[in-house]
Structures are given as structure tokens and as C-alpha cells.
Amino acid sequence: MRVVKFGGSSVANAERIAVVVTIIREAVEQDKDIIVVVSAQGGVTDQLDQMCMILVQQPQDAQDMIDALREREMSILHELLQPEAIP
């Protein structure tokens, strides 16, 4: 069994995620029994912490942060769904 772990900067954007996919594919070719561990994208954990802290006092600010995070993630997802994005 092999464990491959990717930190936040490894999944920071679509380009980096595509590299991670390639590494995972190569790992599977070498050893069918792998475990993949992925951290939150760089900065996301801090954003979630901030959202929790302001949620009670300023719910709209928290919602704005949630919307911005959702927009970032959707942008990355749409980029990854392009046929040329993943080798």
C-alpha cells in the first residue's frame, strides 16, 4: 500500500490539480493499492476560520466570504472540466 499526500499549495489552482491527477495516475500504475490524502487549498482553512468567527456578529460578511469561496472553487472546476486541462 502506498499513501500519496498533497498539501494546500499542490491543489491551489486548476493547473496544480492537473499535476496532482497525473501523479495519482502514475502512482496507480505502479501500485494499485494507494491512499490519496488532500489538504484544503492554500488559504481555505484560514478563510473558513474567519467565516466562523464573524458568522455570529456579521452574518452578511460571512455570506459574502462563502460566495467568494464558492466562486473560486467553481472557477477551478470549470477550468478542470475543459478537455485539455487534464492530461
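To convert, take the position in the sequence shown, counting from 1, and add 927; that gives our numbering.
From the three backbone atoms N, C-alpha and C, an ideal C-beta is built for every residue, glycine too.
So, at 7 Å on beta carbons, what are the nonlocal neighbours of residue i in its own chain, with the 5 sequence-adjacent residues on each side left out?
i	result
A967	G935
I951	V931 and V963
I'd like to know whether the C-beta atoms of residue i and residue j end up nearer to each other than 9 Å.
i	j	result
V938	V963	no
V947	V965	yes
Helix or strand or just coil, what does DSSP make of residue i?
i	result
V930	strand
V965	strand
M984	Contrary to the premise, residue 984 reads as Gln rather than Met in this sequence. Three-state result, Q984: coil.
Q977	helix
L1007	helix
G970	coil
A939	coil
D994	helix
Near residue i, what residues of its chain come up, given a Cβ to Cβ distance below 6 Å and the 5 sequence neighbours on each side ignored?
i	result
M978	A989 and M992
F933	V947 and V965
L982	A989
Taking contact to mean at least 3 C-beta pairs separated by less than 8 Å, is the region 941-960 in contact with the region 999-1013? Judged by Cβ distances under 8 Å, the region 941-960 makes contact with the region 999-1013, as three or more pairs qualify.
Report yes or no: do the region 951-958 and the region 987-1001 share at least 3 C-beta pairs separated by less than 8 Å? As far as the Cβ criterion goes, the region 951-958 does not touch the region 987-1001, which means the pair count is below three.
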